[in-house]
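Q: The following block contains the structure, expressed as structure tokens.
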Amino acid sequence: MTKGLQMSKITKYYAEGSNRIAALDHVSISVEPGEFVAVVGPSGSGKSTFLSIAGALLKASEGEVELNGHHISTLTAKELANVRLQEIGFIMQSSNLVPYLNVLDQLLIIKRISGKVEREDKVFATKLLEELGLGSKLRSFPEELSGGEKQRTAIARALINNPIIILADEPTASLDTKRAHEVVSLIAQEVNSRQKAAIMVTHDERMLEYCDKVYRMEDGKLSLQQGIGRRNRIQQEMSSI
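Here UniProt numbering is used: the first residue of the sequence shown is 1, the next is one more, and so on.
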């Protein structure tokens, strides 16, 4: 069974008057466990549509999406909601934390939505937060956190259900340079250590050094950027030896 995320010849059409516009045009990508991929491109290029389809928030007009070898393109709305909850971790532009929940409960509410919160869930959530440098902030509320701490909480929340893939939408948009590097470095570390497939959509080219591969989206088409990204550089260096 193929692991990670595979999107094959994904096309998404929108009606514009009597015309049909392709927001995505035969997009294909494969992201393996432990692989951190960036997608860059101008506004209006199709990045948001791409991420919505990868995250089972939107259905493609054509093409196939697979998570760990399972086709999700034909699932019902209820089945897709379960896929989003159990198999996909989201990190958004703003951390989207619940104002009246402390840091620990930001994670446990995800477990509560999935079912009953067990003792081991609390232990895992605490350990996860400690690993991300938030051990002293378990009882703190969002208004008491810095921007970087909020995003670290969002990273932990994305990992709490042990998802197959992490999708990050402009996770550094509201952060200064130092905090941005800290957050993306943490995402990269967690992706590698926990062997998660991950895609980050970003305008911030300072963050590409943490990614294994970099793709560019333009006019609904996706292309691999040669020579950019850690894995691409290593492959090029090996081929020159």
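Glycine included, every Cβ here is placed at the ideal spot set by N, Cα and C.
Within a Cβ cutoff of 8 Å, which residues of the same chain sit near Met207, ignoring the five residues on either side of it in sequence?
A: Contacts found: Ala38, Thr172, Ala180, His181, Val184, Met200.
Q: I need the straight-line Cα distance from Gly34 to Thr153, nearest angstrom please.
A: Rounded to the nearest angstrom, the two C-alpha atoms are 21 Å apart.
Q: Let me confirm a value: Arg20 is counted as buried when at least 16 other C-beta atoms fall within 10 Å, else exposed. Which label applies?
A: Arg20 is exposed by the Cβ-count criterion.
Q: Which of helix, strand or coil does DSSP assign to Val37?
A: Here Val37 sits in strand by DSSP.
Q: Counting beta carbon pairs with one atom in the segment 92-111 and one in the segment 188-198, are three or more of them shorter than 8 Å?
A: The segment 188-198, when compared against the segment 92-111, does not touch it at the 8 Å Cβ threshold.
Q: Verify whether the separation of the beta carbon atoms of Gly89 and Ile29 is less than 7 Å.
A: Not in contact: Gly89 and Ile29 (Cβ atoms no closer than 7 Å).
Q: Report the rounded CA-to-CA distance for Lys150 versus Thr177, giving the unit in angstroms.
A: Cα to Cα, the separation comes out at about 16 Å.
Q: Provide the residue(s) that pair with Phe90 in DSSP beta bridges, ordered along the chain.
A: Leu167, per the DSSP bridge assignment.
Q: Can you give me the start and stop residues for the alpha helix (DSSP H) that Val184 sits inside?
A: It spans 177-194 - the alpha helix (DSSP H) in which Val184 sits, taken as one unbroken run.
Q: Measure from the alpha carbon of Leu222 to the alpha carbon of each residue in Lys3, Ala15, Ala23, then state which is nearest.
A: Comparing Cα-Cα distances from Leu222 to each of Lys3, Ala15, Ala23, the minimum goes to Ala23.
Q: My guess is that residue 248 and Phe36 are in contact by the Cβ rule of under 8 Å, so how many angstroms apart are they, rounded?
A: With the chain represented from 1 up to 241, any question about residue 248 goes unanswered, as that position is not in the structure.
Q: Cβ of Gly41 within 7 Å of Cβ of Glu218?
A: Yes. Within cutoff.
Q: Taking Cβ to Cβ, would you say Val31 is nearer than 7 Å to Leu5?
A: Yes. Within cutoff.
Q: If you draw a straight line from the C-alpha of Pro99 to the C-alpha of Gln226, how long is it?
A: One C-alpha to the other measures close to 42 Å.
Q: Does the distance from the CB of Val83 to the CB of Ser73 come in under 7 Å?
A: Going by C-beta atoms, Val83 is not nearer than 7 Å to Ser73.
Q: Does Val27 come out as helix, strand or coil in the three-state DSSP assignment?
A: Here Val27 sits in strand by DSSP.
Q: Within 8 Å, do at least three Cβ pairs link the segment 9-19 to the segment 133-150?
A: Because the criterion of three Cβ pairs below 8 Å is not met, the segment 133-150 and the segment 9-19 do not touch.
Q: What do you reckon, are the CB atoms on Thr11 and Glu62 nearer than 7 Å?
A: Yes. Within cutoff.
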